[in-house]
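Here the structure is laid out as structure tokens; the discussion comes afterwards.
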Amino acid sequence: MRTDTAHYVSAAALWLPETASTAEEAVAAGTIRRRAAEAEGFSQVTVCHDRTVAAMAAEAARAALDDAGIAPGEVDLLIHAWVHQQGTGNWNPPHHVARLVGAEHAVALGLQQQSNGGAAAIEAALNAMAVDLRVTTALITTADQFTDIPQGRWSVLSDGGPLGDGGTAAVLTRAPGPLLIESIASYGDPTLEAEFPGRDPFGPPPEITDEPGSAFRNQDVLKRMRHCVEQAVQYALDDARLSPDAPTLLTVLPLRLGHTFIDWTVRSALPAPLQDKIQTHGSRTGHLGAGDLLANLADIVSRPPPPDSRILLVSVGAGYTATCLIVRT
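Every letter in the sequence shown is one number past the one before it in full-length UniProt numbering, and letter 235, counting from 1, is 235.
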């Protein structure tokens, strides 16, 4: 997607709890093996005990709106994305988040696309802003909390990465902001729904293993997953009128998943000039459900690269969909 009207990330925020579960604790408990944690690149995951899921999203949203200098009542569209349950009795998560934030005039929508939820919400918001001039400010939020999953948050290490709690938010506007959105594109393969992740990530715990998950052992599945990433990246590069070897394209940020997943499904799907530009930011958070791409945006905004730098962000979600977002400072 590339429009004639410029759209910006005016602010992005990541809210994390102060408590964490460390890899050392998981090893001591017999949940994982030390070499697996070291190989996948995780030292800890964040754990929330004192906020509801919606409250985590609201914390991030208020911080992002404050940074953007936008009052909650100015939000025209709020899209909330999530992976796991949003709390007992919370039957309408997007409206609950909007009420907590004070976005009293927003159209509040919910979106579930597994780990690709935050990226899909950005794309949906940009589409709305492109066709409806009344939508001038969009707020994207995500939040997930994995305390109650039966197998434990570290047991999915071999299927992609351990699960961390947190809330994220991004404010999209037509008014200039820190990051210009140059393009966003997605590509899907729903035939993979029956193959990935291979078992319920929120089901009973598996036997302890250092082997990657079942989806990674099927070469046909891997090929199709990589194809989704390859196509989304190529579409986004085409829409941004960029070649893979553009000198201003400095960094590739994938989801906050393990090195095995990234190497087998993202790095190998990228054009050769981009494969060594991957940076990972999840070693101390874990995989934040639907919020990884927004968390990576928050990192960019808080530690911006030089002016006129471009960053390519890659997101994927079980089902299977890949999304690529390109932003410029």
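Where is the CB? At the ideal position from N, CA and C, for every residue including glycine.
Residue pairing from DSSP places Ile311 in a beta bridge opposite Thr251, Val327. Note on geometry: alpha-carbon atoms of Gln86 and Gly167 lie some 12 Å from one another.
Taking a contact as a CB-CB distance under 8 Å, the pair Thr323 and Ala119 counts as one, their CB atoms being some 4 Å apart. Runs of the beta strand (DSSP E) lying entirely within the segment 126 to 212, each at least 3 residues long, are 137 to 144, 166 to 173, 179 to 188 in chain order. Contact check for Val252 against Lys277 passes: the beta carbons are separated by less than 7 Å. If you compare the alpha carbons of Arg303, Ala175, Gly258, Leu237 with that of Tyr8, the shortest gap goes to Ala175.
In the structure shown, Gln44 adopts extended strand secondary structure according to DSSP, grouped into three states.
Secondary structure at Val266: coil, using DSSP grouped into helix, strand and coil. At the C-beta level, Pro94 and Leu77 stay beyond 7 Å of one another.
The beta carbon of Ala125 lies closer than 7 Å to those of Leu77, Ile79, Ala138, Ile140, Leu172 in the same chain, with the five residues before and after it left out. Going by beta carbons, Gly102 and Pro150 fall outside the 7 Å limit. Assigned with DSSP and collapsed to three states, His7 falls in coil, not helix or strand. Distances from the alpha-carbon of Leu294 to those of Thr52, Asp308, Ala23, Pro254 put Pro254 closest. In this structure Leu257 is in contact with Gly161, their Cβ atoms being roughly 4 Å apart against a cut-off of 8 Å. Gln113 and Ala28 have their C-alpha atoms some 34 Å from each other. Gly110 has His80 as its beta-bridge partners, per DSSP. Between Ser186 and Ala240, the C-beta spacing is not below 7 Å. By the Cβ-count criterion, Thr191 is exposed, with fewer than 16 other Cβ atoms from all chains shown falling within 10 Å of its own Cβ. Sequence-distant Cβ neighbours of Asn116 in its own chain, meaning closer than 7 Å and more than five residues away, are Ser315, Val316, Gly317, Thr321, Thr323. By the C-beta density criterion, Gly30 is exposed, having fewer than 16 other C-beta atoms within 10 angstroms. Ala58 is not a Cβ neighbour of Ala13, given a cutoff of 7 Å. With a cutoff of 7 Å on beta-carbon distance, Arg134 and Val45 are scored as not near each other.
Ile278 is bridged by DSSP to Val252. Cα atoms of Pro271 and Gln219: separation of roughly 20 Å, rounded to the nearest angstrom. Rounded to whole angstroms, Pro17 and Val47 show a C-alpha spacing of 6 Å. Ranked by how close their Cα comes to the Cα of His84, the residues Leu111, Pro247, Asp66, Gly69 have Leu111 in first place.
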